[in-house]
Amino acid sequence: MSALKFTQEHEWIRVEGDLGTVGITDFAQSQLGDVVFVELPAIGKKVTKGGDAAVVESVKAASEVYSPVTGEVVETNQAIVDDPATVNSDPLGGAWFFKVRLADKGELDGMMDEAAYAEFVKGSH
Amino acid sequence: MPTTDTPLKETPLHALHVALGARMVEFAGYAMPVQYPTGILTEHLHTRAAAGLFDVSHMGQVRLFGEGAAVALETLVPGDIQGLAPGRQRYTLFTNDGAGILDDLMVTNAGDHLFVVVNAACKDADLAHLQAGLAGKCRIEAAFDRALLALQGPQAAAVLQRHAPGIAGMAFMSGRAVAVDGVPCFVTRSGYTGEDGFEIAIPAEHASRVAQRLLAEPEVKPIGLGARDSLRLEAGLCLYGHDIDTTTTPIEAALAWVIGKRRRAEGGYPGHAVVADQLKNGTRRRRVGLVPEGRQPAREGTPLTDAAGAAVGTITSGGFGPSVGGPVAMGYVASTFAADGTVVRAVVRGQPRPATVTAMPFFPHRYHRP
Numbered sequence: 005m006s007a008l009k010f011t012q013e014h015e016w017i018r019v020e021g022d023l024g025t026v027g028i029t030d031f032a033q034s035q036l037g038d039v040v041f042v043e044l045p046a047i048g049k050k051v052t053k054g055g056d057a058a059v060v061e062s063v064k065a066a067s068e069v070y071s072p073v074t075g076e077v078v079e080t081n082q083a084i085v086d087d088p089a090t091v092n093s094d095p096l097g098g099a100w101f102f103k104v105r106l107a108d109k110g111e112l113d114g115m116m117d118e119a120a121y122a123e124f125v126k127g128s129h
Numbered sequence: 369m370p371t372t373d374t375p376l377k378e379t380p381l382h383a384l385h386v387a388l389g390a391r392m393v394e395f396a397g398y399a400m401p402v403q404y405p406t407g408i409l410t411e412h413l414h415t416r417a418a419a420g421l422f423d424v425s426h427m428g429q430v431r432l433f434g435e436g437a438a439v440a441l442e443t444l445v446p447g448d449i450q451g452l453a454p455g456r457q458r459y460t461l462f463t464n465d466g467a468g469i470l471d472d473l474m475v476t477n478a479g480d481h482l483f484v485v486v487n488a489a490c491k492d493a494d495l496a497h498l499q500a501g502l503a504g505k506c507r508i509e510a511a512f513d514r515a516l517l518a519l520q521g522p523q524a525a526a527v528l529q530r531h532a533p534g535i536a537g538m539a540f541m542s543g544r545a546v547a548v549d550g551v552p553c554f555v556t557r558s559g560y561t562g563e564d565g566f567e568i569a570i571p572a573e574h575a576s577r578v579a580q581r582l583l584a585e586p587e588v589k590p591i592g593l594g595a596r597d598s599l600r601l602e603a604g605l606c607l608y609g610h611d612i613d614t615t616t617t618p619i620e621a622a623l624a625w626v627i628g629k630r631r632r633a634e635g636g637y638p639g640h641a642v643v644a645d646q647l648k649n650g651t652r653r654r655r656v657g658l659v660p661e662g663r664q665p666a667r668e669g670t671p672l673t674d675a676a677g678a679a680v681g682t683i684t685s686g687g688f689g690p691s692v693g694g695p696v697a698m699g700y701v702a703s704t705f706a707a708d709g710t711v712v713r714a715v716v717r718g719q720p721r722p723a724t725v726t727a728m729p730f731f732p733h734r735y736h737r738p
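Chains as they are written, first to last, in the working numbering: chain A, 5 to 129; chain B, 369 to 738.
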């Protein structure tokens with residue numbers, strides 16, 4: 005399994021071949037609090053790096069989920085729509101949001117690895 | 369976080385919140401707990417199932433002394449204050465000359481004085497308003513550094529009874545001086561959750577100790593402002609600055625019930641002419657409850673339209689109701705759309721979604737009415 009990469013907007017992406025799986029980080033879910041609603045992109049939607057891709061809402065607030073990369077959405081995770089609480093309980097595993105076919109793997113180069121992201125979160129407190 | 373350099377004020381329970389692991393946020397100039405580690409959903413459901421302890425010390429407590437206090441206060445509010453029997457409490461409003469709402473408040477006839485509780489964000493303005501309006505008519509004593517605890521939920525009475533024997537006999541919307549763990553307090557049987565419960569006004573120096581004793585009871589958990597907001601929304605209760613403000617009148621806000629029968633006839637409060645006209649002729653818009661279809665919350669500021677896309681109103685409070693198990697909201701709609709069962713569209717992120725005008729509360733009130 006390939007390593008996770010992280011964005012400053014608290015998404016993660018795991019790339020295998022030209023497919024990336026995207027979710028939100030444990031820090032993101034802890035900041036959001038209890039997730040009660042998830043809206044996923046349509047299959048086939050063209051997403052751009054840093055552009056809107058999904059919506060996640062807690063009791064308190066709504067947040068956009070941005071796509072870490074440019075590409076086309078090829079699969080989405082209906083399980084988190086049916087049971088939004090899994091975004092809190094398993095953010096890096098079962099609660100992935102969508103899979104995207106990458107247009108340009110070079111976009112991954114600037115992203116943080118796990119250690120760098122941990123430092124980033126510490127600094128943003 | 370606030371953009372000013374003014375340090376946040378702290379309530380007497382600040383150290384306790386931090387020790388309990390609260391996430392502290394700015395609210396009305398105070399550092400306040402928005403949630404504790406268990407989170408808003410759990411806190412909300414716990415309050416409806418057992419008992420929750422809230423720190424609402426940021427709210428403003430004022431006492432009005434003197435024989436003329438009730439008559440004097442009636443010049444600023446449309447409620448029947450003279451008719452408030454000793455020990456009884458009433459919800460009322462400060463209005464301006466245009467019948468806009470300056471604040472909402474609770475007034476209790478405490479025997480030798482009126483005990484008034486106002487909103488934190490308004491309390492300095494409210495005090496100035498009282499001083500200007502009641503000068504020479506009664507003695508005004510602000511007690512802004514006194515703490516205020518709210519113990520809310522179906523087990524609140526059983527818990528508080530252990531610390532203040534006799535309180536279980538109090539009726540909803542009554543208040544009296546009570547010793548809680550030996551500390552002289554003023555306790556009212558009221559709150560902001562739709563549940564049975566109490567608000568306990570207590571000297572600052574004793575607040576943390578009494579709060580910890582209440583939290584040591586097995587039924588009680590600390591509850592933050594996040595769950596306070598979702599609880600009051602499900603109960604259909606207005607949040608000042610959101611659902612009511614100087615641009616809304618009591619009649620538009622569906623709060624006509626706060627205007628006493630005698631006051632409707634006699635007037636004598638700011639904005640009476642506007643209120644009388646609106647009671648007779650109706651208003652162009654009205655506050656209603658709304659239930660959005662599906663699971664997506666429609667939040668404050670969400671535009672409301674008719675089926676053709678024409679604007680009919682705006683949501684003023686909205687979110688997910690944990691006890692309802694779905695989204696709930698309130699807002700203002702044109703009066704022609706205010707009937708229960710009317711379907712409007714809530715435009716969330718550009719997408720119009722059906723929302724049905726629904727009588728409030730969304731979750732039944734469970735007040736103690738013996």
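Glycine residues also receive a C-beta, built at the ideal position from the N, C-alpha and C atoms.
With residue i and residue j assumed to form a contact (beta carbons below 8 Å), what rounded beta-carbon distance in angstroms separates them?
{"i": "Asp480 (chain B)", "j": "Pro522 (chain B)", "result": "In fact, because the Cβ distance is near 33 Å, the residues do not count as touching under 8 Å."}
{"i": "Tyr700 (chain B)", "j": "Thr684 (chain B)", "result": "7 Å"}
{"i": "Ala515 (chain B)", "j": "Leu381 (chain B)", "result": "7 Å"}
{"i": "Gly434 (chain B)", "j": "Cys506 (chain B)", "result": "4 Å"}
{"i": "Met698 (chain B)", "j": "Gly657 (chain B)", "result": "5 Å"}
{"i": "Arg737 (chain B)", "j": "Phe540 (chain B)", "result": "5 Å"}
{"i": "Ala418 (chain B)", "j": "Glu587 (chain B)", "result": "4 Å"}
{"i": "Gly347 (chain B)", "j": "Thr443 (chain B)", "result": "This structure leaves residue 347 (chain B) out entirely; chain B is present only between 369 and 738."}
{"i": "Arg596 (chain B)", "j": "Phe422 (chain B)", "result": "6 Å"}
{"i": "Ala603 (chain B)", "j": "Thr561 (chain B)", "result": "6 Å"}
{"i": "Val19 (chain A)", "j": "Ile47 (chain A)", "result": "Actually they do not touch by this definition, with Cβ atoms about 19 Å apart."}
{"i": "Val643 (chain B)", "j": "Pro618 (chain B)", "result": "6 Å"}
{"i": "Leu482 (chain B)", "j": "Ala437 (chain B)", "result": "5 Å"}
{"i": "Pro401 (chain B)", "j": "Ala390 (chain B)", "result": "3 Å"}
For residue i, is the classification buried or exposed, using 16 other Cβ atoms within 10 angstroms of its Cβ as the cut-off for buried?
{"i": "Asp108 (chain A)", "result": "exposed"}
{"i": "Thr11 (chain A)", "result": "buried"}
{"i": "Gly677 (chain B)", "result": "exposed"}
{"i": "Gln33 (chain A)", "result": "buried"}
{"i": "Thr704 (chain B)", "result": "exposed"}
{"i": "Pro370 (chain B)", "result": "Because Pro370 (chain B) carries a pLDDT of 49, less than 50, the predicted location of this residue cannot be relied on, and the following value inherits that uncertainty. Looking at its Cβ environment, which holds fewer than 16 other Cβ atoms inside 10 Å, Pro370 (chain B) is exposed."}
{"i": "Gly709 (chain B)", "result": "exposed"}
{"i": "Glu111 (chain A)", "result": "buried"}
{"i": "Trp16 (chain A)", "result": "buried"}
{"i": "Ala532 (chain B)", "result": "buried"}
{"i": "Glu43 (chain A)", "result": "buried"}
{"i": "Leu498 (chain B)", "result": "buried"}
{"i": "Gly350 (chain B)", "result": "With chain B running from 369 to 738 in the structure shown, residue 350 (chain B) is simply not present."}
{"i": "Lys629 (chain B)", "result": "exposed"}
{"i": "Lys9 (chain A)", "result": "buried"}
{"i": "Lys64 (chain A)", "result": "buried"}
{"i": "Trp100 (chain A)", "result": "buried"}
{"i": "Glu509 (chain B)", "result": "exposed"}
Of the choices the options, whose alpha-carbon is the least far from that of residue i?
{"i": "Gln520 (chain B)", "options": "B:Ile591, B:Leu498, B:Gly550, B:Leu409", "result": "B:Ile591"}
{"i": "Arg667 (chain B)", "options": "B:Ala526, B:Gly693, B:Leu601, B:Thr704", "result": "B:Leu601"}
{"i": "Ala496 (chain B)", "options": "B:Gly428, B:Leu517, B:Arg456", "result": "B:Gly428"}
{"i": "Gly54 (chain A)", "options": "A:Pro95, A:Glu61, A:Glu68, A:Ala120", "result": "A:Glu68"}
{"i": "Val51 (chain A)", "options": "A:Val73, A:Pro88, A:Pro95", "result": "A:Val73"}
{"i": "Thr476 (chain B)", "options": "B:Val402, B:Gly543, B:Pro738, B:Glu567", "result": "B:Gly543"}
{"i": "Asn487 (chain B)", "options": "B:Asp472, B:Gln499, B:Gly501, B:Ala478", "result": "B:Asp472"}
{"i": "Asp513 (chain B)", "options": "B:Asp492, B:Leu421, B:Leu498, B:Gln719", "result": "B:Asp492"}
{"i": "Met696 (chain B)", "options": "B:Leu605, B:Arg653, B:Arg632", "result": "The sequence given here has Val at residue 696 (chain B), not Met. Nearest option by C-alpha distance: B:Leu605."}
{"i": "Lys589 (chain B)", "options": "B:Gly686, B:Ile408, B:Arg663", "result": "B:Ile408"}
Just to check, is the beta-carbon of residue i closer than 7 Å to a non-hydrogen atom of the ligand ZN?
{"i": "Arg530 (chain B)", "result": "Among the components modelled here there is no ligand, and therefore nothing to report on the ligand ZN."}
| said: Along the segment 18 to 47 of chain A, where does the CB come closer than 8 Å to a CB of chain B? Name the residues. | reply: Going along the segment 18 to 47 of chain A in chain order, one finds Gly37, Asp38, Val40, Phe41, Glu43 with a Cβ nearer than 8 Å to chain B.
- Item | Interface positions of the segment 654 to 675 of chain B facing chain A (Cβ-Cβ less than 7 Å), listed along the chain | Hits within the stretch, in order: Arg663, Gln664, Pro665, Arg667.
- Task: Check each residue of the segment 83 to 95 of chain A: if its Cβ is closer than 7 Å to any Cβ of chain B, include it; give the result in chain order.
- Result: none
- request: Determine which residues of the segment 99 to 112 of chain A have a Cβ less than 9 Å from any Cβ of chain B, and write them out in chain order.
  value: Listed by position, the residues of the segment 99 to 112 of chain A near chain B (Cβ gap below 9 Å) amount to none.
Notebook entry, point to check: Which full runs of the beta strand (DSSP E) of 3+ residues lie inside the segment 437 to 518 of chain B, going along the chain?
Noted result: 457 to 463, 469 to 477, 481 to 486, 507 to 510
*Which runs of the beta strand (DSSP E) fall wholly inside the segment 690 to 729 of chain B and span at least 3 residues, in chain order?*
Correct list: 694 to 702, 711 to 716, 719 to 726.
If we require 3 or more residues per run, which beta strand (DSSP E) segments fall completely within the segment 604 to 686 of chain B? 653 to 660, 671 to 673
Next on the checklist: Short of 7 Å Cβ to Cβ, which residues in the segment 60 to 72 of chain A face chain B?
Outcome noted: Glu61, Val63, Lys64, Ala66
Counting only runs that start and end within the segment 77 to 106 of chain A, where is the alpha helix (DSSP H) found for 4 or more residues in a row? 82 to 86, 90 to 93
Which residues, taken in chain order from the segment 512 to 543 of chain B, show a beta carbon closer than 8 Å to some beta carbon of chain A? none
In chain order, which alpha helix (DSSP H) runs of at least 4 residues are fully inside the segment 370 to 419 of chain B? Fully enclosed alpha helix (DSSP H) runs of 4 or longer: 382 to 387, 408 to 417.
**Prompt:** Listed in chain order, which residues of the segment 585 to 619 of chain B have Cβ atoms closer than 7 Å to some Cβ of chain A?
**Reply:** Sequence-ordered contacts of the segment 585 to 619 of chain B with chain A read Gly594, Ser598 [C-beta pairs closer than 7 Å].
The segment 412 to 440 of chain B: positions lying closer than 7 Å to chain A by Cβ:
none
Q. If you measure beta-carbon to beta-carbon, which residues of the segment 674 to 699 of chain B are closer than 7 Å to chain A?
A. Answer in chain order: Gly687, Phe688, Pro690.
Near-chain A residues of the segment 544 to 572 of chain B - C-beta to any C-beta below 7 Å: none
Next on the checklist: Quick check for students: name the residue ranges of the beta strand (DSSP E) that lie wholly in the segment 14 to 46 of chain A, counting only runs of 3 or more.
Outcome noted: 15 to 20, 23 to 28, 39 to 43
Chain A contacts made by the segment 384 to 406 of chain B, where a contact means CB separation under 8 Å:
From the segment 384 to 406 of chain B, only Val402, Gln403 have a Cβ closer than 8 Å to chain A.
- Mind listing, in chain order, the continuous beta strand (DSSP E) runs of no fewer than 3 residues lying wholly within the segment 521 to 583 of chain B? Listed in chain order, the beta strand (DSSP E) runs fully inside the segment 521 to 583 of chain B are 543 to 548, 551 to 556, 565 to 570, counting runs of at least 3 residues.
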